[in-house]
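Participant: In UniProt numbering, the protein residues as written are 1 to 1065.
Note that beta-carbon positions come from the ideal geometry of N, C-alpha and C, so glycine has one too.
#1: Please state the DSSP three-state secondary structure of residue 896.
#2: List, from N- to C-terminal side, the alpha helix (DSSP H) runs of 4 residues or more that fit wholly inside the stretch 343–424.
#3: For residue 120 and residue 80, which I take to be in contact (beta-carbon distance under 8 Å), what is that distance rounded to the nearest angstrom?
#4: Between the C-alpha atoms of residue 218 and residue 249, what's the straight-line distance to the nearest angstrom?
#5: Return the chain-ordered list of same chain residues with a C-beta closer than 8 Å to the C-beta of residue 370, the five sequence neighbours on each side being excluded.
#6: Which partner residues does residue 1067 have in the DSSP bridge list?
#7: Could you check if residue 1104 is buried or exposed, using at least 16 other CB atoms within 10 Å of its CB as the buried criterion?
#8: Give the C-beta separation of residue 53 and residue 135 to the nearest angstrom, bearing in mind that I take them to be a contact with Cβ-Cβ under 8 Å.
#9: Look up residue 484 in the DSSP assignment and give the residues it is bridged to.
#10: Would DSSP call residue 1050 helix, strand or coil?
#11: Could you work out which residue in 262, 313, 279, 319 is closest to residue 297 when comparing CA atoms only?
#12: DSSP beta-bridge partners for residue 720?
#13: What residue range is occupied by the uninterrupted beta strand (DSSP E) comprising residue 99?
#14: Please return the same chain residues whose Cβ sits closer than 7 Å to the Cβ of residue 645, not counting the five positions on each side in sequence.
#15: Check for me: the alpha helix (DSSP H) holding residue 261 runs from which residue to which?
#16: Take residue 302 and list the residues in its own chain whose beta-carbon comes closer than 7 Å to its own, dropping the five residues that flank it on each side.
#17: Quick check on residue 30: does DSSP put it in helix, strand or coil?
#18: Pairs of beta-carbons, one from the stretch 761–773 and one from the stretch 896–906, closer than 8 Å: are there three or more?
#19: Where do the N-terminal and C-terminal ends of the beta strand (DSSP E) with residue 874 fall, by residue?
#20: State the start and end residues of the unbroken alpha helix (DSSP H) segment that holds residue 507.
#21: With distances taken Cα to Cα, identify the nearest neighbour of residue 273 among 290, 258, 259.
#22: Pick helix, strand or coil for residue 157, following the three-state DSSP scheme.
#23: Does the stretch 45–62 come into contact with the stretch 90–106, if we say contact requires no fewer than three beta-carbon pairs (one atom in each stretch) closer than 8 Å?
#24: Less than 7 Å between the CB of residue 195 and some heavy atom of the ligand FAD, yes or no?
#25: If the criterion is Cβ atoms closer than 8 Å, does the pair residue 742 and residue 734 meet it?
#26: Are residue 448 and residue 474 close, meaning C-beta to C-beta below 8 Å?
#27: Thinking C-beta only, is residue 757 closer than 8 Å to residue 488?
#28: Can you give me the C-alpha to C-alpha distance between residue 311 and residue 396, rounded to a whole angstrom?
#29: Start and end of the alpha helix (DSSP H) containing residue 644?
#30: Going by other Cβ atoms of all chains shown within 10 Å of its Cβ, with 16 needed for buried, is residue 490 buried or exposed?
#31: With 16 as the cutoff for other CB atoms within 10 Å, does residue 531 come out buried or exposed?
#32: CA-CA distance, residue 624 and residue 1000?
#33: Tell me which residue opens and which closes the beta strand (DSSP E) that residue 823 is part of.
#34: My output table needs one value for residue 185: the three-state DSSP class, helix, strand or coil.
#35: Beta strand (DSSP E) containing residue 668: first to last residue?
#36: Would you identify the three-state DSSP class for residue 296, choosing helix, strand or coil?
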């Protein structure tokens, strides 16, 4: 007979979700995901067969949702009529609870398991107390009807009874008095328990182990690592427990995402090696951990020898015997062999076939030894990892029908978390691709066979849900993995180029698959704008209930609107508006906190983001990052993209806005969940600078819990020298031994200083398909880069940024070639332009040009001389004309169309170019004769677009001539005035300066120099001086906006080229 606890009937009551501003919190919304996990664990551990509870928002509905996943019988008790209960106990609190409520009530009514008492809402606590009593009675009745079932009461609460009449506490007392076993599910974060233990509370080793398991379930590996580190310093009598803590310590260390990845992996190996003899151990769990650590090192470094070491550890575990660890090390050894074969296949190494043959032998051994175990131990039908390990072995042997049978058994295991489905499906999909000797299209015949097995495996168990039945999006996610899109810096030039990229991605049905959006500078401006527009669409439209073609059309229309609104905002000349508001400039003189950079952020919000119409929780306040999470209209309360995204057709992207911290030189990331420096991009072997740890917004010091979106965007786009750094006080203190802790004055500048492509964020988030749109500035051959001090300094900075850019591309290319990426696209403004080696003067052995050198067009069908001019357009935040903007969008669109098709792993719609306003310019860019006056005019407009000043004068001879005449008149007038000044004063007494005046001036200069040596005084003086100077520029700035800017935009209209915006093909 199977072992395990006697089946139980659960009677449950608990806290409702907190109302806004509840303090202290009892069930905050951000704890929903954790409570889901804890209730699932309760139902699984207690072997629950039935649940009795009410249906209020919060504990009740979370429990009912989990019980549905387990397939339990559910009986619902309501204190009064359904509609009244919906209004008073479901919809009166934040969150999207009604869809769950409606589904549960309908199902209970259909089964005859809905009991509605005769109470009324105005009865207050008495009505709810009666419902709690009925829950206990009905649970007893269900247990009695079932025979020997246990009765378990569970309360879901914060651990503290409220003063007065706490109905949850009374329910618990009544259930205990009735003989129920007592269980508690806490709504407070599990890290609070960890904090209490680390502060000194006493827990037994077994209790610590249980706490560690809860922390691991909630991905709090850093806290788990600290907890284990403390308990391992205590006296632990049992040897097996000491071994278990050592293994768990290594596991939690290498999975701690708050540590630099290589540091975490090295420390994990030190922990294992310090407790076990890794050269002789036969402990399969230790060998499996070592194999996983070295496999992770391969993923982080791309070094094949790390994967070889991983295989050797897994292999040793397999040789101990697959039946002992139920095939864990054996199945991983086979998988790593296929990965090694894939890497070596690129070099046509003779070992490829040997690797693959050995992998199949291991799988055959797993089949031979593990399959018979099931007939002798029926309990194995409840062990998920045993079942899926056998299924993977059969899948790898291409015994798809047998694999399907074992996967079906695995599906029947109750309470399996969805992440385990995803992990297994991803492993199987990757295995199918590896065995196809490459990364084939999901539509290849062999992959289709594997896909059929995965489709059956991923069929949702709850047929009443809207995304039930087959799950093609889940299967697709398993084959593709995460798709990440990086939008580089480069001012509005980059923003406009990226719009063209987004447009074609939307048409090809790829944009909806993006799960990570990593942005820098100009990419952050358009990235934030697109994210806000997408958020509005996803929260108002049930995208996943639409057919794929309809979803694609929604994204196309979204990008079309983004293009229109964004260009309108750009053409207000945001950079010049910074200097055109005298009130803001005066404020910047008297306030250290209000700088021109802050003003720039306000303009981003007013001129760009406000066009989307996002509603804030308090009208008239800035958009706050923490309030910008996307909960799709077709998702239920508790939606978490990390958990649920993989089953969605329209993914919810993670937005990363990258800045640079001047204090440390590291990359700083802003997201809607957290902010801080990423540990991923830091290699401690080369970087000895302290890292500023990331923090969730609600864990930050109080003054920094409401970070505005505009602050994040402007920090990412804050060009050094043009705008002041963003200043953040009170976030960190620098503590050094023997010294007083000093508060850090945190200053942030443009993210492009550290990583102008934004690729690091995609790697950190585990993207397997990386798409990079790079419109940053690139160095060109300079006839004379300049002498002196300033020109070489500026040129050197460009060289350094170009070097970083090349390193990013090299890393991306290396990871793809070594099998760590399933696909990659890297496009940039100089893509496919001629790169010609220059022969020295008098060279007698000239270079041999490539066949494409001299071709007039790029491979994406843009004339090279046009593309060269686009690559030279200014990277500024001023106005861009229609001609400049549309040409940049068209370039990004055509480049994406050409190169995205080479990413074979991505399913793409075969969609002809649609109607885009910006494509109107393509007929002149690509099709017009080079002698056509309109084409020559286009070249002139784009050529002048590279100038930072006086662009409009270079575009109009009339304006240039009239301005020249005015300048001549001014010079003549000034000369006449000066002549009169000198002649009129010829007979006056000359000015004399005595010694006192000279001495006073010298003293004043010395005092000023001493004062300016004090940093805080120098900062204030500089701020005031710059503020006064910019105030002087206010009138010219307003004149520029009123007169010059309008003339510039008029000169850059499509009509100047004989076109209209709707002249698309």
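Facilitator: Taking the definition as stated:
#1: Taking the first residue of the chain shown as position 1, residue 896 is located at position 896. Helix.
#2: 351–370, 373–376, 384–396, 400–411
#3: What you label residue 120 is simply residue 120 of the chain shown in a count that begins at 1. What you label residue 80 is simply residue 80 of the chain shown in a count that begins at 1. So it is a contact: roughly 5 Å between Cβ atoms.
#4: Here residue 218 refers to the residue found at position 218 when the chain shown is read from its first residue. Here residue 249 refers to the residue found at position 249 when the chain shown is read from its first residue. Distance between the alpha carbons of residue 218 and residue 249 is about 16 Å.
#5: Reading the chain shown from its first residue, position 370 is the one you call residue 370. Closer than 8 Å at Cβ, skipping near neighbours: 322, 323, 326, 327, 386, 389, 390, 393.
#6: This structure gives no information on residue 1067, because the portion of the chain shown stretches from 1 to 1065.
#7: The shown model of the chain, from 1 to 1065, leaves out residue 1104, and the question about it has no answer.
#8: Locating residue 53 in the chain shown gives position 53, counting from the first residue. Locating residue 135 in the chain shown gives position 135, counting from the first residue. That pair is a contact at about 6 Å.
#9: What you label residue 484 is simply residue 484 of the chain shown in a count that begins at 1. 516, 770, per the DSSP bridge assignment.
#10: Here residue 1050 refers to the residue found at position 1050 when the chain shown is read from its first residue. DSSP places residue 1050 in helix when its eight states are reduced to three.
#11: The residue given as residue 297 occupies position 297 in the chain shown. Of 262, 313, 279, 319, the residue nearest in Cα terms is 262.
#12: To locate residue 720, count along the chain shown from 1; it is residue 720. 723, per the DSSP bridge assignment.
#13: For the purposes of this step, residue 99 is identified with residue 99 of the chain shown, where counting begins at 1. First-last for residue 99: 98–111, but that is the alpha helix (DSSP H), not the beta strand (DSSP E).
#14: Working through the chain shown from its first residue, we reach residue 645 at position 645. Same-chain partners within the cutoff: 515, 651, 652.
#15: Within the chain shown, residue 261 is the residue found at index 261, counting from 1. 261–275 is the extent of the alpha helix (DSSP H) around residue 261.
#16: Within the chain shown, numbered from 1, the residue matching residue 302 stands at position 302. Here the set comprises 814, 815, 818, 820.
#17: Here residue 30 is taken as the residue at index 30 of the chain shown, counted from 1. Helix at residue 30.
#18: yes
#19: Here residue 874 refers to the residue found at position 874 when the chain shown is read from its first residue. Per DSSP, residue 874 belongs to no beta strand (DSSP E) and is neither H nor E.
#20: To locate residue 507, count along the chain shown from 1; it is residue 507. Segment 491–507, the alpha helix (DSSP H) holding residue 507.
#21: Working through the chain shown from its first residue, we reach residue 273 at position 273. For the residues 290, 258, 259, the minimum Cα distance to residue 273 belongs to 290.
#22: Sequence index remark: in the chain shown, residue 157 carries index 157 (1-based). Strand.
#23: yes
#24: You won't find the ligand FAD in this model; it holds no ligand whatsoever.
#25: As a first step, residue 742 must be located in the chain shown, where it is residue number 742. As a first step, residue 734 must be located in the chain shown, where it is residue number 734. Yes, Cβ-Cβ distance for residue 742 and residue 734 is below 8 Å.
#26: Along the chain shown, one-based indexing puts residue 448 at 448. Along the chain shown, one-based indexing puts residue 474 at 474. For residue 448 and residue 474, no; Cβs fall outside 8 Å.
#27: Indexing the chain shown from 1 puts residue 488 at position 488. Indexing the chain shown from 1 puts residue 757 at position 757. It is a contact, given that the beta carbons lie within the stated cut-off.
#28: Here residue 311 refers to the residue found at position 311 when the chain shown is read from its first residue. Here residue 396 refers to the residue found at position 396 when the chain shown is read from its first residue. Using only the alpha carbons, I get a separation of about 17 Å.
#29: Position 644 of the chain shown, counted from the start, is the residue given in the question as residue 644. 641–644 is the span of the alpha helix (DSSP H), which, as asked, contains residue 644.
#30: The residue labelled residue 490 in the question sits at position 490 within the chain shown. Buried: at least 16 other Cβ atoms inside 10 Å.
#31: The sequence position of residue 531 within the chain shown is 531, counting from 1. So residue 531 ends up on the buried side.
#32: As a first step, residue 624 must be located in the chain shown, where it is residue number 624. As a first step, residue 1000 must be located in the chain shown, where it is residue number 1000. Looking at the two C-alpha atoms, the distance is approximately 53 Å.
#33: Position 823 of the chain shown, counting from 1, holds the residue named residue 823. Element bounds for residue 823: 823–828.
#34: In the chain shown, residue 185 corresponds to position 185, counting from 1. Of the three classes helix, strand and coil, the one that applies to residue 185 here is strand, per DSSP.
#35: Taking the chain shown and counting its residues from 1, one reaches residue 668 at position 668. First-last of the beta strand (DSSP E) with residue 668: 667–670.
#36: On the chain shown, position 296 is the one that residue 296 refers to. Helix.
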